[in-house]
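Colleague:
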Amino acid sequence: MQAYLKLDHIDKTFTRGNATTEVLKDINLTIAKGEYVSIIGHSGCGKSTLLNIVAGLTDCTQGCVLLENREVNSPGPDRAVVFQNHSLLPWLTVYENVKLGVDKVFASSKSRAEREAWVMHNLNLVQMANAKDKRPSEISGGMKQRVGIARALAMEPKVLLLDEPFGALDALTRAHLQDSVMALHQKLGNTILMITHDVDEAVLLSDRIVMMTNGPSARIGEVLEVPLARPRKRLELATNPGYLKCRQRVLEFLYERHRFVEAA
Amino acid sequence: MSMPAIKAEATAVAVTTTPPAAAAPVVTMTPKQPPRAEKYAKVAKETAVRVVPPLVVVALLMLFWELVCRRTGSTLPPPSKVFKDTKELILDPFFDNGGIDKGLFWHLSASLQRVAYGYSIAAIVGIALGTLVGQSVWAMRGLDPLFQVLRTIPPLAWLPLSLAAFRDGQPSAIFVIFITSVWPIIINTAVGIRNIPQDYRNVAAVVQLNPLEFFSKIMIPAAAPYIFTGLRIGIGLSWLAIVAAEMLIGGVGIGFFIWDAWNSSHISEIILALFYVGIIGFVLDRVIAGLGKIVTRGTSAS
Ligand SMILES: Nc1ncnc2c1ncn2[C@@H]1O[C@H](COP(=O)(O)OP(=O)(O)O)[C@@H](O)[C@H]1O
Ligand SMILES: [Mg+2]
Numbered sequence: 273m274q275a276y277l278k279l280d281h282i283d284k285t286f287t288r289g290n291a292t293t294e295v296l297k298d299i300n301l302t303i304a305k306g307e308y309v310s311i312i313g314h315s316g317c318g319k320s321t322l323l324n325i326v327a328g329l330t331d332c333t334q335g336c337v338l339l340e341n342r343e344v345n346s347p348g349p350d351r352a353v354v355f356q357n358h359s360l361l362p363w364l365t366v367y368e369n370v371k372l373g374v375d376k377v378f379a380s381s382k383s384r385a386e387r388e389a390w391v392m393h394n395l396n397l398v399q400m401a402n403a404k405d406k407r408p409s410e411i412s413g414g415m416k417q418r419v420g421i422a423r424a425l426a427m428e429p430k431v432l433l434l435d436e437p438f439g440a441l442d443a444l445t446r447a448h449l450q451d452s453v454m455a456l457h458q459k460l461g462n463t464i465l466m467i468t469h470d471v472d473e474a475v476l477l478s479d480r481i482v483m484m485t486n487g488p489s490a491r492i493g494e495v496l497e498v499p500l501a502r503p504r505k506r507l508e509l510a511t512n513p514g515y516l517k518c519r520q521r522v523l524e525f526l527y528e529r530h531r532f533v534e535a536a
Numbered sequence: 029m030s031m032p033a034i035k036a037e038a039t040a041v042a043v044t045t046t047p048p049a050a051a052a053p054v055v056t057m058t059p060k061q062p063p064r065a066e067k068y069a070k071v072a073k074e075t076a077v078r079v080v081p082p083l084v085v086v087a088l089l090m091l092f093w094e095l096v097c098r099r100t101g102s103t104l105p106p107p108s109k110v111f112k113d114t115k116e117l118i119l120d121p122f123f124d125n126g127g128i129d130k131g132l133f134w135h136l137s138a139s140l141q142r143v144a145y146g147y148s149i150a151a152i153v154g155i156a157l158g159t160l161v162g163q164s165v166w167a168m169r170g171l172d173p174l175f176q177v178l179r180t181i182p183p184l185a186w187l188p189l190s191l192a193a194f195r196d197g198q199p200s201a202i203f204v205i206f207i208t209s210v211w212p213i214i215i216n217t218a219v220g221i222r223n224i225p226q227d228y229r230n231v232a233a234v235v236q237l238n239p240l241e242f243f244s245k246i247m248i249p250a251a252a253p254y255i256f257t258g259l260r261i262g263i264g265l266s267w268l269a270i271v272a273a274e275m276l277i278g279g280v281g282i283g284f285f286i287w288d289a290w291n292s293s294h295i296s297e298i299i300l301a302l303f304y305v306g307i308i309g310f311v312l313d314r315v316i317a318g319l320g321k322i323v324t325r326g327t328s329a330s
């Protein structure tokens with residue numbers, strides 16, 4: 273497999289005063305171009321920390337992140353992030369939120385008119401063009417998340433990083449957005465690294481599922497290939513034996529071998 | 029567009045809404061538009077509800093004051109006498125007989141000008157220093173204790189020092205305004221900057237905003253509600269300080285007007301001046317609050 277994004281022996285230790293916690297231990301992961309990889313694990317095991325390290329928002333203690341064989345250790349639009357709580361800037365309209373990134377990334381490569389058209393193109397992709405002049409406080413949670421996705425896509429990232437993008441949404445909205453993301457992945461062929469704690473979501477969307485053990489010192493416990501053909505249809509998969517088998521594997525990992533132990 | 033699920037839903041919605049849409053015109057025609065007069069009546073009523081109670085209270089207080097101060101030998105004039113004594117000042121605020129013998133308009137505008145200078149400098153310096161203190165841990169450690177001590181010094185205590193430094197009333201008064209109003213602006217700005225959610229910083233980092241863009245596009249709008257709280261406290265303090273400072277520096281200005289009136293025992297003029305000072309202080313506060321409301325539109329709700 274051709275490595276596109278590579279996490280090489282990553283350790284992360286947080287130091288606060290003289291208390292140190294080792295959160296991640298020896299994380300190795302190789303992701304190919306166009307692949308959709310999910311990271312699943314119990315709450316607090318260090319998923320967000322790992323994603324932030326890939327995004328460059330957090331420094332790792334050991335190891336490195338390689339994108340196209342080049343080390344990346346500061347944040348940048350080539351690894352755009354969709355945050356769990358949307359993180360839209362409330363004083364900007366939907367359009368301006370997307371444009372903020374576009375104006376920076378394509379400052380020299382696109383003309384003003386081209387940038388404006390590109391913002392609208394991306395809002396169209398997530399079907400939010402109609403709400404372009406609304407402020408984040410005026411749209412629903414699902415719509416905010418769509419705009420967050422548009423903002424990330426509009427930067428034409430090499431890798432799209434999603435941190436529990438649907439975690440705060442109700443089940444119907446969530447299904448809706450999962451379908452949208454699947455369709456976008458199909459259409460644009462992005463390389464996606466997504467964090468989730470939802471087993472069905474992981475199996476439905478991913479090519480591979482990375483299962484993390486509980487922290488502290490969380491490792492990658494197991495990596496599962498999801499050999500289901502695309503495009504995938506939610507309803508048809510519900511009875512698909514391959515789907516059920518994958519689901520079973522993840523459930524077993526999470527709830528038998530690595531049961532969540534409430535921190536005492 | 030390759031989003032079957034969403035498309036399907038969109039058409040489904042369209043289908044279900046079609047019949048009511050067809051019937052809609054009939055429905056909207058039936059309730060007549062409320063006549064214009066009715067709308068005005070409603071607005072008038074709402075205004076009345078807000079304006080009438082304070083008017084009643086003021087009228088009662090005036091009555092009380094009139095009754096108390098009407099007795100012979102009372103040290104303060106009743107409102108009727110105040111009005112009679114100051115009628116000329118009220119009716120002609122624009123006269124100018126040279127020196128400090130000017131209409132109230134000139135005194136007030138001189139005071140407002142000093143406040144405008146001092147306060148503008150305080151706003152710029154306050155926001156800049158507040159940003160520094162809010163953004164940098166070391167700046168905070170170094171400067172915060174200093175600020176906390178300096179801000180407790182009463183405004184007038186600075187006046188002799190600034191007179192010694194500037195050797196002139198005008199810049200000294202402006203300095204006193206500045207030094208009085210700058211602390212709440214610094215402190216509130218710093219709190220606002222410190223409270224910028226990590227998410228916004230992350231967004232800025234991913235987009236790779238440079239420090240200047242980060243300042244103007246993230247920091248200022250994110251901290252705007254806090255900054256305006258500081259600005260509002262600041263304008264109130266400036267107005268408090270200017271009257272006191274002008275009493276001491278003399279010249280044209282509402283503060284010295286009051287002091288001068290006291291020296292010539294024109295108690296009615298003092299009362300009139302206090303009335304103007306109060307109204308202008310109130311208006312200044314409203315102006316900054318209104319400005320804040322316009323600027324922070326949408327910022328507070330997330
Ligand atoms: N800045 C930090 N300082 C210290 N500990 C942290 C910090 N950020 C996260 N942690 C710790 O790292 C662990 C993993 O956190 P996180 O990556 O957010 O987990 P997850 O996203 O899987 O729920 C948690 O135990 C958390 O307390
Ligand atoms: Mg998390």
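Going down the list, the protein sequences come from chains A and B. For my numbering, count along the first sequence from 1 and bump the result up by 272. For my numbering, count along the second sequence from 1 and bump the result up by 28. Every residue gets a Cβ at the ideal spot worked out from N, C-alpha and C, and that includes glycine. It should be emphasised that the depicted structure is a prediction, and the values quoted were computed from it without experimental measurement.
Any heavy atom of ligand 1 closer than 6 Å to the CB of A/C518?
Modeller: The residue given as residue 518 of chain A occupies position 246 in the first sequence. No, since every heavy atom of ligand 1 falls outside the 6 Å radius drawn around the Cβ of A/C518.
Colleague: Would you say the stretch 276–287 of chain A touches the stretch 333–340 of chain A, given that touching needs at least three Cβ pairs under 8 Å?
Modeller: In short, these stretches touch, since the Cβ pair count reaches three.
Colleague: Assuming B/I246 and B/I224 are in contact, meaning their beta carbons sit under 8 Å apart, how far apart are those beta carbons, in whole angstroms?
Modeller: In the second sequence, residue 246 of chain B corresponds to position 218, counting from 1. In the second sequence, residue 224 of chain B corresponds to position 196, counting from 1. Indeed, because the Cβ distance is near 7 Å, the residues count as touching under 8 Å.
Colleague: Here's a check: name, in chain order, each residue in its chain whose Cβ is nearer than 7 Å to the Cβ of A/S346, leaving out the five neighbours to either side.
Modeller: For the purposes of this step, residue 346 of chain A is identified with residue 74 of the first sequence, where counting begins at 1. G328, listed in sequence order.
Colleague: So the alpha helix (DSSP H) B/M247 belongs to, where does it begin and stop?
Modeller: Within the second sequence, residue 247 of chain B is the residue found at index 219, counting from 1. It is not in any alpha helix (DSSP H) - B/M247 carries neither H nor E in the DSSP assignment.
Colleague: Assuming B/G154 contacts B/G258 (C-beta within less than 8 Å), just tell me the rounded distance between them.
Modeller: The residue labelled residue 154 of chain B in the question sits at position 126 within the second sequence. The residue labelled residue 258 of chain B in the question sits at position 230 within the second sequence. 7 Å between Cβ atoms; contact.
Colleague: Please name the residue in B/I307, B/G306, B/I298 and B/G320 whose C-alpha comes closest to that of B/V110.
Modeller: One-based indexing of the second sequence puts residue 110 of chain B at position 82. Nearest of B/I307, B/G306, B/I298 and B/G320 to B/V110, Cα basis: B/I298.
Colleague: For A/S320, is the beta carbon positioned less than 6 Å from some heavy atom of ligand 2?
Modeller: As a position in the first sequence, residue 320 of chain A is number 48, starting the count at 1. Yes, the beta carbon of A/S320 sits closer than 6 Å to at least one heavy atom of ligand 2.
Colleague: According to DSSP, is B/Q355 helix, strand or coil?
Modeller: Only positions 29 to 330 of chain B appear in this structure, which leaves residue 355 of chain B out of reach.
Colleague: Using three-state DSSP, classify B/F122 as helix, strand or coil.
Modeller: Counting from 1 along the second sequence, the entry for residue 122 of chain B is found at position 94. B/F122 falls in the coil class under three-state DSSP.
Colleague: Report the start-end ranges of each alpha helix (DSSP H) in the stretch 330–406 of chain A that is 4 residues or longer and not cut off at the edges.
Modeller: For the stretch 330–406 of chain A, whole alpha helix (DSSP H) runs of length 4 or above, ordered along the chain, are 366–377 and 384–397.
Colleague: Could you confirm whether any beta carbon from chain A is found closer than 7 Å to the beta carbon of B/D227?
Modeller: For this step, residue 227 of chain B is matched to residue 199 along the second sequence. True, the Cβ-Cβ gap to chain A drops below 7 Å.
Colleague: Less than 6 Å between the CB of A/C332 and some heavy atom of ligand 1, yes or no?
Modeller: Taking the first residue of the first sequence as 1, we reach residue 332 of chain A at position 60. The answer is no for A/C332.
Colleague: Please tell me whether B/L117 and B/L132 are closer than 7 Å, where the distance is taken between their beta carbons.
Modeller: Sequence index remark: in the second sequence, residue 117 of chain B carries index 89 (1-based). Sequence index remark: in the second sequence, residue 132 of chain B carries index 104 (1-based). It is a contact, given that the beta carbons lie within the stated cut-off.
Colleague: How many angstroms separate the CA atom of A/S380 from the CA atom of B/I149?
Modeller: What you label residue 380 of chain A is simply residue 108 of the first sequence in a count that begins at 1. What you label residue 149 of chain B is simply residue 121 of the second sequence in a count that begins at 1. The straight-line gap from Cα to Cα measures roughly 37 Å.
Colleague: I'd like to confirm something about A/G316: is its beta-carbon nearer than 6 Å to some heavy atom of ligand 1, or not?
Modeller: By one-based count along the first sequence, residue 316 of chain A stands at place 44. Checking the Cβ of A/G316 against ligand 1 gives yes.
Colleague: Anything in chain A within Cβ reach of B/K245, meaning under 9 Å, just list it in chain order.
Modeller: To locate residue 245 of chain B, count along the second sequence from 1; it is residue 217. The contacting residues are L361, L364 and L372.
Colleague: Can you grab the Cα-Cα spacing for the pair B/V80 / A/R446, in whole Å?
Modeller: The count along the second sequence starts at 1 and reaches residue 80 of chain B at position 52. The count along the first sequence starts at 1 and reaches residue 446 of chain A at position 174. Their Cα atoms are separated by approximately 53 Å.
Colleague: Given a cut-off of 7 Å on the beta-carbon distance, is the pair A/H358 and A/Q417 in contact?
Modeller: By 1-based counting over the first sequence, the position of residue 358 of chain A is 86. By 1-based counting over the first sequence, the position of residue 417 of chain A is 145. Yes, the pair counts as a contact, with Cβ atoms nearer than the cut-off.
Colleague: In chain order, what residues of the same chain lie with their CB nearer than 8 Å to the CB of B/L140, ignoring the 5 residues before and after it?
Modeller: Here residue 140 of chain B refers to the residue found at position 112 when the second sequence is read from its first residue. Counting only Cβ-Cβ distances below 8 Å, and skipping sequence neighbours, we find I308.
Colleague: Would you be able to state if there are at least three C-beta pairs under 8 Å between the stretch 298–309 of chain A and the stretch 486–498 of chain A?
Modeller: Touching, per the Cβ criterion.
Colleague: For chain B, check one thing: does any of its Cβ atoms lie closer than 7 Å to the Cβ of A/A536?
Modeller: Walking along the first sequence from the start, residue 536 of chain A turns up at place 264. In this predicted model, A/A536 has a pLDDT of only 42, less than 50, meaning its place in the structure is not dependable enough to derive any value.
Colleague: Tell me whether the beta-carbon of A/I421 lies closer than 7 Å to the beta-carbon of A/V398.
Modeller: By 1-based counting over the first sequence, the position of residue 421 of chain A is 149. By 1-based counting over the first sequence, the position of residue 398 of chain A is 126. The answer is yes: Cβ separation under 7 Å.
Colleague: Assign B/A192 to one of two classes, buried (16 or more other C-beta atoms within 10 Å of its C-beta) or exposed (fewer than that).
Modeller: Taking the first residue of the second sequence as 1, we reach residue 192 of chain B at position 164. Its Cβ having fewer than 16 others within 10 Å, B/A192 is exposed.
Colleague: Could you check if A/V295 belongs to the surroundings of ligand 1, using beta carbon to heavy atom distance under 6 Å?
Modeller: Along the first sequence, one-based indexing puts residue 295 of chain A at 23. Because some heavy atom of ligand 1 lies under 6 Å away, the Cβ of A/V295 counts as near it: yes.
Colleague: Measuring CA to CA, which of A/N462, A/T365, A/L432 and A/G289 is closest to A/M415?
Modeller: Position 143 of the first sequence holds residue 415 of chain A. Checked all of A/N462, A/T365, A/L432 and A/G289; the closest Cα to A/M415 is A/T365.
Colleague: Check whether the stretch 233–252 of chain B and the stretch 277–285 of chain B touch, using three or more Cβ-Cβ pairs below 8 Å as the test.
Modeller: These segments do not touch.
Colleague: If you compare alpha carbons, which of A/F525, A/G318 and A/A424 is closest to A/P349?
Modeller: Start at 1 with the first residue of the first sequence, and residue 349 of chain A comes out as number 77. Answer by Cα proximity: A/A424.
Colleague: Can you tell me the Cβ-Cβ gap for A/D479 and A/V498, rounded? I've got them flagged as a contact below 8 Å.
Modeller: Within the first sequence, residue 479 of chain A is the residue found at index 207, counting from 1. Within the first sequence, residue 498 of chain A is the residue found at index 226, counting from 1. Contact holds; Cβ gap of about 6 Å.
Colleague: If you measure from the beta carbon of A/P347 to each beta carbon in chain B, is any gap under 7 Å?
Modeller: Position 75 of the first sequence, counted from the start, is the residue given in the question as residue 347 of chain A. By this cut-off, A/P347 is an interface position.
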